[in-house]
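Residue numbers for the sequence shown follow the working numbering, so the first one is 1 and each next one is one higher. The beta-carbon is built from N, C-alpha and C at its ideal position, and this holds for glycine as well. As the structure is a computational prediction, the values presented were derived from the model and not from experiment. Some notes on the structure that comes next.
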Amino acid sequence: LATLIAETGGQNAMIVDSSALPEQVIKDVISSAFLSAGQRCSALRVLCVQEDIADGVIEMLKGAMAELRLGRPECLSSDVGPIIDADQLQMLERHCETLGQSARLIAETPLPGDLPPGHWFAPKAFLIDSIDQLGGEVFGPVLHVVRFQAKLLHDLIDQINGTGYGLTLGIHSRIDRVQANIASRAKVGNCYVNRNMTGAVVGVQPFGGEGLSGTGPKAGGPNYLYRFCNERVRTTNTAAVGGNASLLALSDE
C-alpha cells in the first residue's frame, strides 16, 4: 500500500503577551499574515494580544497595513500580490461580508486604482470576540484579532487547540517561563518564538502539523525518508539478515 504523509493548512495563531516588543510584533505579524497574500499554509490567521497592550498594538497594525503596497509580485515595489483565482477571491469577499455583521473592521490596506488585471484583494484585519467565531481556515490576507486577559491564557490555548488544526503557532514574549508554558500546552507541529511564522526551510527546519493540519513525520526531519520504505529481511539458516533492507527497498521501488 502507498504511504500517505500529508501536510495541510491551519487556523494558525500568534499569542502576544504584555512583555513583547510591539515593533517586533508588528513586523512579524505583517510578514506572517500578508506576504504572499496570506497564501501560505503556515500563515498567521489569528492574532491574540494581551488586553494590557492591545490598543497600542492595534494602532501600530493600522499604520503598518496602510503602508503595504499591492502590485505585481515580480516588482520590488510590491508587498502583496494577487489571489490565486476567482473562486478564492469570492470566498474571501464572502467571509469579510459575514464578518462585517459580527466583527469590527480595524484596518484595510488601500487598493490602488492602477492595478493590472488579476484577482486583487486588499488585506484586512478584523477584531473578533473569540476564535470560536471562525469556522475553517480562511486562506488569504485576512487577519483576525482577539484580545485576551492574562489570567485566561490557558483558556485561550484551549480554544486554539479546540479548532482541531495544529500546524504553526507564534509566541511573542520576553519571559522564558511564558514561552515554555505556551509551547508545552499547544498542540501544534511548529512553535515560532519571537519571530515570524513562515519560511521554514526543508532539510534545515523540520516542518509539519498534527490533527487537521497533517499526519506523519515532518518534512525535513530525520525520520521522513524512512516512512516511505518497506523493510524486508532475508533468513539464511537461522540468521535473519536485515541490514540496509529498508534503503534497498526504497531504491528498488
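Mind reading off the beta-carbon distance from residue i to residue j? Whole number of angstroms is fine, and I expect it under 8 Å.
i: C41; j: T3; result: 20 Å between Cβ atoms; not a contact.
i: R45; j: Q101; result: Actually they do not touch by this definition, with Cβ atoms about 20 Å apart.
i: I106; j: L127; result: 5 Å
i: L156; j: C48; result: 6 Å
i: A122; j: L111; result: 4 Å
Using the Cα positions of residue i and residue j, report the straight-line distance between them to the nearest angstrom.
i: Q179; j: I83; result: 34 Å
i: V138; j: W120; result: 16 Å
i: G71; j: V233; result: 57 Å
i: S36; j: L212; result: 23 Å
i: L61; j: E97; result: 21 Å
i: D55; j: Y226; result: 49 Å
i: D85; j: E108; result: 21 Å
i: P73; j: N230; result: 43 Å
i: I58; j: P117; result: 32 Å
i: F34; j: T235; result: 57 Å
i: V188; j: N237; result: 48 Å
i: D114; j: R69; result: 12 Å
i: R177; j: G214; result: 28 Å
i: N181; j: G170; result: 13 Å
i: Q90; j: L99; result: 14 Å
i: A6; j: D52; result: 39 Å
i: A66; j: E210; result: 35 Å
i: S152; j: G164; result: Checking the sequence shown, residue 152 turns out to be Leu, not Ser. Looking at the two C-alpha atoms, the distance is approximately 20 Å.
i: F255; j: P222; result: The first residue shown for the chain is 1 and the last is 253, placing residue 255 beyond what the model contains.
i: R147; j: Q24; result: 18 Å
i: S130; j: Y224; result: 36 Å
If you measure between the beta carbons of residue i and residue j, is that distance less than 8 Å?
i: G220; j: P206; result: yes
i: S18; j: Q39; result: no
i: A64; j: I15; result: no
i: C191; j: A200; result: no
i: G258; j: Q88; result: With the chain running from 1 to 253 in the structure shown, residue 258 is simply not present.
i: H95; j: V145; result: no
i: S31; j: T198; result: yes
i: N196; j: H172; result: no
i: R174; j: A13; result: no
i: R185; j: H154; result: yes
Let me know if residue i comes out buried or exposed under the rule of 16 or more other beta-carbons within 10 Å of its beta-carbon.
i: D132; result: exposed
i: S282; result: Residue coverage of the chain in this structure runs from 1 to 253, which leaves residue 282 outside it and unanswerable.
i: G208; result: buried
i: D28; result: buried
i: A43; result: buried
i: V80; result: buried
i: D252; result: Bear in mind that the predicted position of D252 carries a pLDDT of just 40, short of 50, making it unreliable; the figure below should be weighed with that in mind. Exposed is the call here.
i: L92; result: buried
i: G203; result: exposed
i: G166; result: buried
i: K218; result: buried
Can you name the residues that DSSP bridges to residue i?
i: A107; result: A125
i: L143; result: A125
i: L169; result: A13 and C191
i: G214; result: E7
i: L47; result: M14 and V145
i: L70; result: V80
i: A219; result: F207
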